[in-house]
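Chemist: Protein sequences, first through last, are from chains A, B, C and D.
Heads up, the working numbering is the position in the first sequence plus 790, with the first residue counted as 1.
Heads up, the working numbering is the position in the second sequence plus 790, with the first residue counted as 1.
Heads up, the working numbering is the position in the third sequence plus 821, with the first residue counted as 1.
Heads up, the working numbering is the position in the fourth sequence plus 821, with the first residue counted as 1.
We put the beta carbon where it would ideally sit given N, CA and C, even for glycine.
Structure below; questions to follow.
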Amino acid sequence: MYLTDAPIDPASLTGSVRSADGGVCTFLGVVRDHHLGRATSRIQYEAYGPMAEAEIGKIVESLVLEWPETRVVVRHRVGVLEVGDVAVAIVASAPHRAEAFSACRAAIDRIKKTVPIWKREFHPDGTSDWVDPTADPHTAQSAVPDPDD
Amino acid sequence: MYLTDAPIDPASLTGSVRSADGGVCTFLGVVRDHHLGRATSRIQYEAYGPMAEAEIGKIVESLVLEWPETRVVVRHRVGVLEVGDVAVAIVASAPHRAEAFSACRAAIDRIKKTVPIWKREFHPDGTSDWVDPTADPHTAQSAVPDPDD
Amino acid sequence: MRVHLLYFATFRDVAGRDSEERQVAGGSRVSDLWRELTGEMPGLLRTGSMPPAAVNREYTGSDTLLAEGDEVAFLPPVAGG
Amino acid sequence: MRVHLLYFATFRDVAGRDSEERQVAGGSRVSDLWRELTGEMPGLLRTGSMPPAAVNREYTGSDTLLAEGDEVAFLPPVAGG
C-alpha cells in the first residue's frame with residue numbers, strides 16, 4: 791500500500807535498504823506555509839485510491855526496469871495535513887549514489903504527473919483552492935469558501 | 791561541526807527545514823558489504839579533522855551561493871563503521887524539489903572530491919586497503935595486514 | 822447500460838456528489854459521456870477541454886467504448902507529491 | 822626553520838608515524854619538502870606524482886614557500902562519503 795492516512799515516518803521506510811546498497815536518496819515533500827504568494831494554513835490530499843495505488847505501482851515497476859539495482863519505497867499521505875507534515879516520502883537505495891539520486895528524482899516527477907491525487911489548499915481567510923499545476927496561477931484559484939470555517 | 795564519531799541519526803538532521811521548504815532531499819552514504827568484488831567486514835574512516843571541517847564548510851557555503859534558497863546540513867562519521875552504518879548524511883531543503891535534489895547531489899559529489907577523509911576497508915580474511923578512488927582497482931589494493939585480527 | 826461514475830476534487834464540487842450510477846446508450850464512448858456531462862454541468866469545463874479519463878482505474882483514450890458496469894472517472898489536473 | 826608535518830592514511834603507514842617536527846632550509850617550497858620526504862621514504866610515491874598538499878589546513882600549490890611553524894600535510898587520494 792502506497793497511500794496512508796497516518797503520519798509518515800521516513801525513518802521507517804529504510805528497512806528495504808540492503809547490505810549491498812551504498813547510496814540512499816530520500817525525498818520528502820512537505821506542506822509549505824505558502825503557495826503562489828498566498829498563505830496556506832493546511833492542505834487536504836484526496837486520492838482516487840485504487841487507481842492511485844495502481845499508478846504508483848506502475849511507476850515503481852518502471853523505475854526498477856530502468857535502474858535494476860535500485861529499490862524504491864513510496865508513501866503518499868491522504869487526508870488533512872498541517873504545515874510541515876510530510877505529504878510524500880520516497881526512498882531509493884542502490885549500490886551507487888548516481889542511480890539512487892536518479893531513481894528518486896524520477897519517482898517524484900512521475901508521481902506528480904500521473905497519479906490521481908489532488909490537493910486543496912486552505913488559506914487563513916477561510917477560502918480554499920484545488921491546486922492546478924497545469925494552469926496559469928491566477929485562473930487556477932477558485933476561492934471556494936471553506937465549509938469548516 | 792560536520793564530523794562526528796557517534797552514529798548518525800538522519801532524522802535528527804531535519805531540524806533546519808523551514809516552513810517555506812516544500813522539498814527535502816536526503817542522501818545517506820552507507821557502508822556496503824563489498825567493494826570492487828571483495829567482501830568488506832568494516833571500514834575505518836579517518837579525517838584530517840580541522841581541515842575536513844573547513845573544507846565541508848566551504849562546500850556548504852558554495853552550495854548556498856549557488857542555490858540561495860537551499861539549506862544544507864552535513865554530517866560525516868569518522869572511526870570504525872560496520873556494514874549498514876551511515877558514513878555520511880546530507881539533508882538539503884528548499885522551497886522546490888529541483889534545488890533540493892541539485893544541492894544534495896552537488897554536496898556529496900564535492901565532499902568525495904576534496905574533503906580530506908580516508909577510508910580503510912577491512913576484509914574478512916584480515917587484510918585491509920586504503921581506498922583510492924583515483925587508481926586502477928587492482929593497483930589500488932595494498933593488502934596491509936589487519937593488526938586487530 | 823449502466824456505468825459507475827466517480828467525481829473527484831473540483832469536479833466533485835461542481836457535480837455536488839462523489840459518485841453516481843448513470844444510464845448510457847449502448848455503443849457510447851468516453852467522449853460521448855463527457856459531452857453529456859458537460860451539457861448538464863458546464864462547470865466541468867473550467868479546466869479546459871476533455872480531461873484525462875480512467876475506465877476501470879486505468880487511463881484510457883476518449884474513443885474507448887464503454888461497457889456495462891464500467892467504473893468511469895474524469896480526472897481534474899492531478900497535484901500529488 | 823621548523824614545520825609540523827602530518828601523515829594520514831597510507832602515508833602514515835609508510836612513514837610509521839602520524840606527525841613529526843621537521844627542520845627545513847629557509848626558502849624551501851612545498852615541492853622541495855616532498856622531494857626530501859620521497860628521498861627518505863620512496864613508498865610515498867606509490868600514489869604517483871606529488872599529491873595535493875595542505876599548508877595550515879588549506880590546499881596549496883607545490884610552489885608555496887614554507888614558513889616557520891607551518892602545519893604541512895601531503896594528502897593521499899581522499900575517499901570520504
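1. Are the segment 835-845 of chain A and the segment 903-919 of chain A in contact at 8 Å, needing three or more beta carbon pairs?
2. Please give me, in chain order, every unbroken run of the beta strand (DSSP E) with length at least 3 that falls completely inside the segment 882-909 of chain A.
3. Compare the Cα-Cα distances from residue 896(B) to each of 803(B), 923(B), 910(B), 815(B) and report the closest residue.
4. Candidates 830(C), 847(C), 825(C), 823(C): which alpha carbon is nearest residue 901(C)'s?
5. DSSP state of residue 869(A), grouped into three classes?
6. Answer with buried or exposed for residue 886(A), where buried requires no fewer than 16 other C-beta atoms within 10 angstroms of its C-beta.
7. Count the other CB atoms, across all protein chains shown, that sit within 10 Å of the CB of residue 819(A); report buried if there are 16 or more and exposed otherwise.
8. Which partner residues does residue 900(D) have in the DSSP bridge list?
9. I'd like to check one pair, residue 880(A) with residue 854(A): are the Cβ atoms closer than 7 Å?
10. Across the segment 886-897 of chain C and the segment 867-881 of chain A, are there enough close Cβ pairs to call them in contact, namely three or more that are closer than 8 Å?
11. Applying a beta-carbon distance threshold of less than 9 Å, which residues of chain B neighbour residue 863(D)?
12. Give the residues of chain C in contact with residue 920(A), contact being defined as C-beta atoms less than 8 Å apart.
13. Tell me the rounded alpha-carbon separation between residue 822(A) and residue 806(B).
14. Is the shortest distance between the beta-carbon of residue 902(B) and the beta-carbons of chain D less than 7 Å?
15. Determine, using beta carbons only, whether residue 874(C) comes closer than 7 Å to chain A.
16. Do residue 841(C) and residue 823(C) count as a contact pair if the criterion is CB distance below 7 Å?
17. Leaving out five residues on either side along the sequence, give the residues of the same chain with a beta carbon under 6 Å from the beta carbon of residue 846(B).
18. What separation, rounded to the nearest whole angstrom, lies between the Cα atoms of residue 875(B) and residue 800(B)?
19. Are the C-beta atoms of residue 924(A) and some chain C residue less than 7 Å apart?
20. Within the continuous alpha helix (DSSP H) that includes residue 832(D), where are the two ends?
21. If the cut is a Cβ gap below 9 Å, which residues of chain C does residue 876(A) touch?
22. So if DSSP puts residue 876(C) in a beta bridge, which residue, or which two residues, is it bridged to?
23. Based on the DSSP output, what are the partners of residue 837(A) in its beta bridges?
24. Identify the contact partners of residue 866(B) in chain D, using a Cβ-Cβ distance below 9 Å as the criterion.
25. Quick one: what's residue 840(D) bridged to in DSSP?
26. Would residue 889(B) and residue 920(B) be called neighbours here (beta carbons separated by less than 7 Å)?
27. How would you list, in chain order, the residues of chain B whose beta-carbon sits under 9 Å from the beta-carbon of residue 819(A)?
28. Exposed or buried, which one is residue 922(A) when buried takes at least 16 other CB atoms within 10 Å?
Modeler: Working from what's here:
1. yes
2. none
3. Residue numbering aside, residue 896(B) sits at position 106 when the second sequence is read from its first letter. It is 815(B) whose Cα lies nearest to the Cα of residue 896(B).
4. As a working note, residue 901(C) is residue 80 in the third sequence. Checking every option, the nearest Cα to that of residue 901(C) belongs to 830(C).
5. If you number the first sequence from 1, residue 869(A) lands on position 79. Three-state DSSP puts residue 869(A) in a strand.
6. If you number the first sequence from 1, residue 886(A) lands on position 96. Exposed, since its Cβ has fewer than 16 Cβ neighbours within 10 Å.
7. Here residue 819(A) refers to the residue found at position 29 of the first sequence. Under this definition residue 819(A) is a buried residue.
8. Counted from its first residue, the fourth sequence places residue 900(D) at position 79. In DSSP, residue 900(D) forms no bridge with anything.
9. Position 64 of the first sequence, counted from the first residue, corresponds to residue 854(A). Position 90 of the first sequence, counted from the first residue, corresponds to residue 880(A). No, the pair does not count as a contact, with Cβ atoms beyond the cut-off.
10. no
11. Within the fourth sequence, residue 863(D) is the residue found at index 42, counting from 1. Those do not exist, as residue 863(D) stays about 15 Å from chain B at its closest Cβ, beyond 9 Å.
12. For the purposes of this step, residue 920(A) is taken as residue 130 along the first sequence, with counting starting at 1. 830, 831, 834, 897, 900, listed in chain order.
13. For the purposes of this step, residue 822(A) is identified with residue 32 of the first sequence, where counting begins at 1. For the purposes of this step, residue 806(B) is identified with residue 16 of the second sequence, where counting begins at 1. Straight-line Cα distance between these residues: approximately 14 Å.
14. Walking along the second sequence from the start, residue 902(B) turns up at place 112. Chain D contact via Cβ: present.
15. Residue mapping note: residue 874(C) aligns to position 53 of the third sequence, counting from 1. Not closer than 7 Å to any Cβ of chain A, the Cβ of residue 874(C) fails to qualify, so no.
16. In the third sequence, counting from the first residue as 1, residue 823(C) sits at position 2. In the third sequence, counting from the first residue as 1, residue 841(C) sits at position 20. Cβ atoms of residue 823(C) and residue 841(C): not closer than 7 Å.
17. Translated into the one-based positions of the second sequence, residue 846(B) becomes position 56. Hits under 6 Å: 792, 864, 905.
18. As a first step, residue 875(B) is located in the second sequence; it is residue number 85 there, counting from the start. As a first step, residue 800(B) is located in the second sequence; it is residue number 10 there, counting from the start. Taking the straight line from one Cα to the other gives about 11 Å.
19. Within the first sequence, residue 924(A) is the residue found at index 134, counting from 1. So, interface residue.
20. Here residue 832(D) corresponds to residue number 11 of the fourth sequence, with the count starting at 1. Here the alpha helix (DSSP H) through residue 832(D) covers 830-836.
21. Locating residue 876(A) in the first sequence gives position 86, counting from the first residue. Per Cβ cutoff of 9 Å: no residues; residue 876(A) is ~11 Å from chain C at best.
22. Looking up residue 876(C) in the third sequence gives position 55. In DSSP, residue 876(C) forms a bridge with 879(C), 893(C).
23. Your numbering for residue 837(A) matches position 47 in the first sequence. Paired residues: 907(A).
24. Sequence index remark: in the second sequence, residue 866(B) carries index 76 (1-based). Neighbours of residue 866(B) on chain D, chain order: 901, 902.
25. Sequence index remark: in the fourth sequence, residue 840(D) carries index 19 (1-based). Paired residues: 827(D).
26. Locating residue 889(B) in the second sequence gives position 99, where the first residue counts as 1. Locating residue 920(B) in the second sequence gives position 130, where the first residue counts as 1. Not closer than 7 Å, so no.
27. Mapped onto the first sequence, residue 819(A) falls at position 29. What residue 819(A) touches in chain B: 812, 813, 814, 887.
28. For the purposes of this step, residue 922(A) is identified with residue 132 of the first sequence, where counting begins at 1. Answer is buried; the Cβ neighbour count reaches 16.
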